[in-house]
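Protein chains in written order, with the numbering used here: chain A, 19 to 216; chain B, 17 to 117; chain C, 348 to 987.
C-beta atoms are modelled at their ideal positions from N, C-alpha and C, and glycine is treated no differently.
Predicted model, so just to flag it, every value in this text is computed and none were measured.
Scroll down for the structure; my scribbles are underneath it.
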Amino acid sequence: MNIELITFFIFSTLLIFTCFKVITSTNPVLSAINLVFSFFLSAVLWLLLGAEFLSIILILVYVGAVMVLFLFVVMMLDINVAKKTAAYIKYLPLGILIFIAFNALIIYFFINTFENIDYNAIKNIEIISDSNTENLGYLLFTKYIIEFEIAGLILLLGIISAIVLTYKKNPKNKFQNPTSQISANKKDRLKIITGLKE
Amino acid sequence: MIPISYYLILSTIIFTLSIAGIFLNRKNILVLLMSLELMFLSVNFNFIILGNYLGDLTGQVFVFFVLTVVAAESAIGLALLIVLFRNKKSIDVDDLSELKG
Amino acid sequence: MINIALLILLIPLIGTFILLYLQNSSKKLTIITSNLSILLSLLLSLYLLFIYISSNASAISQDVLTFADVKIYSLSFGLYIDSLSLVMCSVVTSVSFLVHYYSISYMKDEKSFNRFFVYTNFFTFSMLLIILSNNFFQLFIGWELVGLSSYLLIGFWIKKDSAIKANYKAFLVNRVGDIGLILGLCLIFISYNTTDYNEVFQMKDTINSTTINIFGYTFNTLSFICLLLFIGAMAKSAQVPLHFWLPDSMEGPTPISALIHAATMVTAGIYMVARLSPLYVIAEDVSLFILYIGSATAFFLGIVALVQNDIKRIIAYSTISQLGYMTAALGASLYSLAIFHLITHAFFKALLFLCAGSIIIKCHHEQDIRKIGGLRKFMPITYMAFLYASLSLIGFPLTSGFYSKETIIDAIGYYGHTIPYVMLLLSIFTTTLYTAKIFSKVFFGECTLHKEGEKDNKENDREMLMPLVVLTAPSVFLGIFIYDSLMLGNLFESSLASQELVISFYNNYVINSLNFFLHSFMTINFLILLSGIIFSYFYYYKKSFEIKIPLFIKNILIEEYGFNNFSSKYIPEFQNFLAKYLWKKIDISTIDNGFINNTSNFINKVSHKVRKTHTGYIYHYSLTIITALILLLIIIRFRY
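See below:
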């Protein structure tokens, strides 16, 4: 019974509990907060596994950017909280059934596969130096450079599509169109009327 | 030492929880998107665990990219949600059945 | 000799083309060209016949032009010169020439005068093509061309509605018979791998032993071929049941009826069977069939002529009846007798038709014999010609008709075919009756013609009368002259088979022509003839008594045993019904509704049901995915 095992058990039970709370909260804000908490807990677990860089990144990117975005949207949308009271009760047996079935299958598989191995799930991986960050950086910039670039492109795509989807032109906006300004000529703009008396 | 199967069981449980979350909620698309995030979390867990077990750092590299993609995808998903809300004035999942055959 | 034969064949064709070019020019040029071409053909064929007989040459069959020569077979255009074809050539060209000369005057008021001569020249060429052909393929081509010319000529007056209908009827009934001819041709080609006559005749014994299997029934190949070819001959030579086009074909001008439907075209079937006599001798059951068909035709259609009132229709029925005689002779394997009757019939029947034409012209195109009468004083030449032709037709002793007809009847009786014999005997009676009917009604009685006191006493043009006079001679005297040489088998020995039947009949029964004449007064034929003459004298001329024929028999006869109705009413109605029924059942029900509409309806219905799974709710979809995933996992778990 060493400290790792204890840590693992505490944090994993808390994690499971928070995830459960995410999906069964009535208030979406509560779900979001629970999700944030679960990210924090999983970051700790990743730290236990030796992925230092990624656990920090998880908090910074995921919680710091994505969950904030979620909360912004939650605040922006007008959500009725009081109306529905745990509408998931109706489907709870089905959910439990699926939960148990799926779990049973995969856990059974995992247990059978990883029966006769040594118990050490935590190893030290060393490529160029001792630190995880340096290793990860080394790999990213040499072996997986193309994927790295493509990831950048994907982020660009995300930015552009988010703006394009929600862009709404204000009809009361007045603006200039230089092309039509330059291509104006006398024939279109001027009409000579003769024969008008007085 | 912690057996690897413990970690894998954990990741499985989180995955199934998120699956249950997808069809258990009826009133909120946001919760659906959040359970999607949970699914991604469990998958990331898997990558790190198995990368660690196999002694290769590739698992963590992949998690890096998955994080990137997930961030972009949440952004776009939420943008879509906003547009949907603009048009329908409601984010109830039961109202989103216009593609009904 | 081949060159002369080629000239005989091609001169009418050249005449056709020149006349086509001369379509709109003067009548005189047309007359000269057409008559000259046929006259040249006639002289050349008579000359060739004379050389052939006097030099005792043997049959020549030579291919003149080969169209197609594949290793297995070859199609060619060739000429077959022997006594049979030369005799037929002479008959055809002589009758054709006289008809051409006659129609100078008959058709002189016609607007499309030139078109007539184009067609008649073309017809002569086609008929010569049939006669002079030496293979089946050329026979078939000539056959179709003759049918075509008949079509063009029957419907010569294109504005007349009944002529157009008769036109179609003649052509289509001929086509029905051609089914048999084409099938026979194909069968010959398959069995023998050649279409040449001589090669077929050489191989006939080998083919006789083979059988052919159709729909599970086996037939002897040779009999089947002969049967099919005879079906073609049945349509062309107007035997029962494909005879009903001939009375309606009298819608054409009278010279055409004389040329085509009395003397030449309808005899093409007879000629074909006679030419293929080596084959028909072997196929005995087909010959028996031919015999019965012929005698049935001769008897039953003679009676129908008794209730007709149109002069040309009566003579048309008479033609069918006489063709029945020829067919019966062919069926009894007496081929030279059939050809003999063909020759004499050509002359006297053409004469009858030309007289009828002269009467029609004189009576201003009136054809009903109840409305004309007493023409004996006004048309003496026609009267005499008609008298001699009628005497020949009924078989009055010493005329050529007597020699040919009575020989056939006696030979059939001699060889023991009783039922045909009886039928042919009875038809002598009916022949006499209807001939006397025309004769007495047209030439005797009161004259309804010159009511207004016309002073026009000219009988008819010279051109019209000359052929009548010329044709009288062969129709009366030809029989005696060629009787002995013909019957002895010298003339047709090389070309017709089973001459021994004729020769033995001649030696045992006839002995010679004089003996036959004297002996004939004691036979039953003469008795029937005499009773017919006496009966018709009292019935038609003196009108001493009336006979009440029961109405239903009269109706049957007027309806011509229902053949006309059958072909013009029942078959089109049946076709209509069948077409409508098939349209409703197959086209609409099966194809339109069944395949096309039902396919889309089925897809519609199925998709309606399947569409219900698209609820539009996300969680339903995800549930499906998850369930499928779990199932997949279960399957993988329990299989691997």
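Same chain, Cβ closer than 7 Å to residue i, five either side skipped, listed in chain order
i, result
"Thr197 of chain A", "none"
"Ser373 of chain C", "none"
"Leu433 of chain C", "Ser392, Leu395, Leu396, Tyr399"
"Leu988 of chain C", "For chain C, the structure presents residues 348 to 987; residue 988 of chain C sits outside this window and is missing."
"Pro744 of chain C", "Phe864, Ser867"
"Phe78 of chain B", "Phe63"
Alpha-carbon spacing of residue i relative to residue j, whole angstroms
i, j, result
"Ala91 of chain B", "Val82 of chain B", "14 Å"
"Leu738 of chain C", "Thr746 of chain C", "7 Å"
"Leu376 of chain C", "Asp657 of chain C", "35 Å"
"Gly113 of chain A", "Asn41 of chain B", "11 Å"
"Leu589 of chain C", "Ile943 of chain C", "44 Å"
"Pro600 of chain C", "Ile741 of chain C", "25 Å"
"Ala652 of chain C", "Ile617 of chain C", "22 Å"
"Lys418 of chain C", "Ile537 of chain C", "15 Å"
"Ala202 of chain A", "Lys209 of chain A", "14 Å"
"Ala643 of chain C", "Met770 of chain C", "7 Å"
"Val438 of chain C", "Asn912 of chain C", "36 Å"
"Phe90 of chain A", "Ile982 of chain C", "44 Å"
"Leu647 of chain C", "Ile661 of chain C", "Looking at the sequence itself, residue 647 of chain C is Phe, so the reference to Leu does not match. Going by the C-alpha atoms only, they are around 13 Å apart."
"Ala100 of chain A", "Val92 of chain A", "For Ala100 of chain A, the pLDDT reaches just 49, beneath the cut-off of 50, and the residue's location in the model is therefore unreliable, although a value from the coordinates is still provided. Whole-angstrom Cα-Cα distance: 15 Å."
"Gly37 of chain B", "Lys116 of chain B", "22 Å"
"Pro814 of chain C", "Asn382 of chain C", "13 Å"
"Ile361 of chain C", "Ile690 of chain C", "27 Å"
"Gly826 of chain C", "Thr363 of chain C", "34 Å"
"Tyr781 of chain C", "Phe873 of chain C", "17 Å"
"Glu491 of chain C", "Ser473 of chain C", "9 Å"
"Phe464 of chain C", "Ile451 of chain C", "9 Å"
"Asn951 of chain C", "Ser936 of chain C", "19 Å"
Heavy atom of the ligand FMN within 6 Å of residue i beta-carbon
i, result
"Cys436 of chain C", "The ligand FMN is absent from the structure shown, which contains no ligand whatsoever."
Per DSSP, the bridge partner or partners of residue i
i, result
"Ala415 of chain C", "C:Leu422"
"Thr565 of chain C", "C:Asn560"
"Asn188 of chain A", "DSSP lists no partner for Asn188 of chain A."
"Ser480 of chain C", "C:Leu426"
"Ile407 of chain C", "C:Ile428"
"Asp934 of chain C", "Beta-bridge pairing links Asp934 of chain C to no other residue."
"Asp715 of chain C", "C:Asp657"
Residue interval of the alpha helix (DSSP H) (run including residue i)
i, result
"Thr558 of chain C", "Segment 558 to 561 is the beta strand (DSSP E) holding Thr558 of chain C; no alpha helix (DSSP H) there."
"Ser668 of chain C", "658 to 678"
"Glu546 of chain C", "544 to 549"
"Ala169 of chain A", "163 to 184"
"Ile125 of chain A", "110 to 131"
"Cys533 of chain C", "508 to 539"
"Met50 of chain B", "45 to 70"
"Ser604 of chain C", "601 to 605"
"Gly760 of chain C", "747 to 761"
"Val849 of chain C", "846 to 852"
6 Å Cβ shell around residue i - same chain, five flanking residues per side excluded
i, result
"Glu799 of chain C", "Interpretation of Glu799 of chain C is limited by its pLDDT of 49, a score under 50 that renders its predicted location unreliable; no figure is taken from the coordinates."
"Gln783 of chain C", "Here the sequence assigns Ala to residue 783 of chain C, which means Gln is not the residue at that position. Correct list, in chain order: Ser883, Tyr887."
"Ile686 of chain C", "Ala621"
"Phe166 of chain A", "Leu158"
"Tyr989 of chain C", "Here chain C has residues from 348 to 987 only, and residue 989 of chain C is not among them."
"Ser49 of chain A", "Val40, Ser43"
"Ile28 of chain A", "none"
"Asn461 of chain C", "Gln370, Thr377"
"Ala675 of chain C", "Leu638, Gly641, Ser642, Pro767"
Own chain residues within Cβ distance below 8 Å of residue i, not counting five before or after
i, result
"Asn62 of chain B", "Leu24, Ser27"
"Leu389 of chain C", "Ser437, Thr440, Ser441, Ser443, Phe444"
"Thr568 of chain C", "Leu534, Ser538, Ile554, Asn555, Thr557, Thr558, Ile559"
Interface residues of chain E facing residue i [CB-CB closer than 7 Å]
i, result
"Ile950 of chain C", "No chain E is part of this structure, whose protein chains are labelled A, B and C."
task = With 8 Å as the C-beta to C-beta threshold (strictly closer), list the residues of the region 67 to 84 of chain A near chain B in chain order.
result = Leu67, Gly68, Ala69, Phe71, Leu72, Ile75, Leu76, Val79, Tyr80, Ala83, Val84
request  = With 9 Å as the limit, tell me which residues of the region 112 to 128 of chain A have their beta carbon closer than that to any beta carbon of chain C; keep them in chain order.
outcome  = Leu112, Ile116, Ala119, Phe120, Leu123, Ile124, Tyr126, Phe127
request  = Please name the residues in the region 99 to 111 of chain B whose beta-carbon is closer than 8 Å to at least one beta-carbon of chain C, in chain order.
outcome  = Val109, Asp110
query = What residues in the region 180 to 197 of chain A have a beta carbon less than 7 Å from any beta carbon of chain B?
reply = Ala180, Leu183, Thr184
inquiry  = So if I threshold CB-CB distances at 9 Å, which residues from the region 41 to 57 of chain A count as touching chain B?
reply    = Ile41, Thr42, Ser43, Thr44, Pro46, Ser49, Ala50, Asn52, Leu53, Ser56, Phe57
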